[in-house]
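Each remark here refers to the structure printed beneath this line.
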Amino acid sequence: MTPAVYHAFEEICSLSPIHGRVLEVGAVPGPESLLRMASLRAASLKVGINMDTAFPADGGEIIQANANRMDCFASASFDCVVCNATLEHDRCFWKTIAEIHRVTAPGGLIVIGVPGYAGSGLRTFAPKRSVLGIVLRVLAKITTTPVLREGTVILGEHNYPGDYYRFSEQAVREVFLAGLVGVSVRTVLTPPRLIGWGIKP
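Residue numbering for the sequence shown follows numbering that gives the first Met the number 0, starting at 0 and increasing by one per position.
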């Protein structure tokens, strides 16, 4: 996880104090764990799930579980659920989304980050006034290939263990966060990482 993505999660989770139970879906131990964010310091319980194995975690634990079926947790168990860079590796991500909604308590915060795509054409490749932007615009004028006019920049394939999806802001807003209130989506970096959040009514 890049520092910019981690910082965006920290800012989002700092918008309202989180004192209850927190779940990280796709958690890993170490400094990249969202469970270590300062904004979650006051959480009464911090737990993560990882499909591969269990790990000890700072101030909590990471248990082995499949996010497509989180039977280990009762409905409405968590006041905050965070998930980053996981759903693109999940063949059945819609099952994980349904489970995230199920285990989140009413009034709970859901924050989801995924690699995405946005816009098309040269503006997605390089700023207009940059050297690269100028070169690309010249190339676009002398070539017949539509890639520079219609293409977009996306995060490259990174199998862990598989890599299946990239998402639009519309998918984050209307699919991942469907039914939530106060929904917002932030774009971080290029290629874009989309981070969406909302409150379960």
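In this text, a Cβ means the ideal position worked out from N, Cα and C, and glycines have one as well.
For residue i, three-class secondary structure by DSSP
i	result
Leu22	strand
Pro205	An answer regarding residue 205 cannot be provided, because it is not within the stretch 0 to 200 covered by the chain.
Val82	According to the sequence provided, residue 82 is Cys. The question's Val does not apply to it. Correct three-state label for Cys82: strand.
Thr52	coil
Val27	coil
Arg172	helix
Pro2	helix
Ser183	strand
Met165	The question names Met, but residue 165 is Arg in the sequence shown. DSSP places Arg165 in coil when its eight states are reduced to three.
Ala104	strand
Leu193	strand
Phe77	strand
Lys94	helix
Ile133	helix
Ala14	Checking the sequence shown, residue 14 turns out to be Leu, not Ala. Correct three-state label for Leu14: coil.
Residue i burial status per 10 Å Cβ neighbour count (16 or more: buried)
i	result
Glu133	With the sequence shown as reference, residue 133 is identified as Ile, and Glu is not the correct amino acid for it. Looking at its Cβ environment, which holds fewer than 16 other Cβ atoms inside 10 Å, Ile133 is exposed.
Arg40	exposed
Leu86	buried
Asp89	buried
Arg128	exposed
Trp196	buried
Gly161	exposed
Ala170	buried
Pro191	buried
Ser159	In the sequence as presented, Ser is not what sits at residue 159; that position holds Tyr. The residue is exposed, with fewer than 16 neighbouring Cβ atoms inside 10 Å.
Gly25	buried
Close-in-space but distant-in-sequence residues of the same chain around residue i (CB under 8 angstroms, 5 per side omitted)
i	result
Phe72	Leu22 and Val102
Gly178	His100, Lys199 and Pro200
Residue i, enclosing beta strand (DSSP E) - first and last residue
i	result
Glu156	Unbroken run through Glu156: none, as it is neither H nor E.
Glu60	Gly59 to Gln63
Contacts around residue i, its chain only, beta-carbon distance under 7 angstroms, and the 5 residues preceding and following it disregarded
i	result
Phe54	Pro28 and Ile61
Phe77	Arg20, Val21, Leu22, Val102, Thr103, Ala104 and Gly107
His18	Ala41, Ala42 and Ser43
Glu156	Asp162
Arg185	Ala7 and Ile194
Sequence-distant residues of its chain with Cβ nearer than 6 angstroms to residue i (five each side left out)
i	result
Val81	Glu23, Leu33 and Val110
Ser13	Ser38
Gly250	This structure does not reach residue 250, given that the chain is present from 0 up to 200, and the question cannot be answered.
Contact test: residue i Cβ vs the ligand SAM heavy atom, cutoff 7 angstroms
i	result
Leu179	No copy of the ligand SAM appears in this structure; indeed no ligand is present at all.
The stretch 93 to 111 touching the stretch 64 to 71, judged by at least three CB pairs closer than 8 angstroms: Cβ pair count under 8 angstroms is three or more, so yes.
Contact the stretch 109 to 116 vs the stretch 42 to 52: 3+ CB pairs below 8 angstroms: No, the stretch 109 to 116 is not in contact with the stretch 42 to 52.
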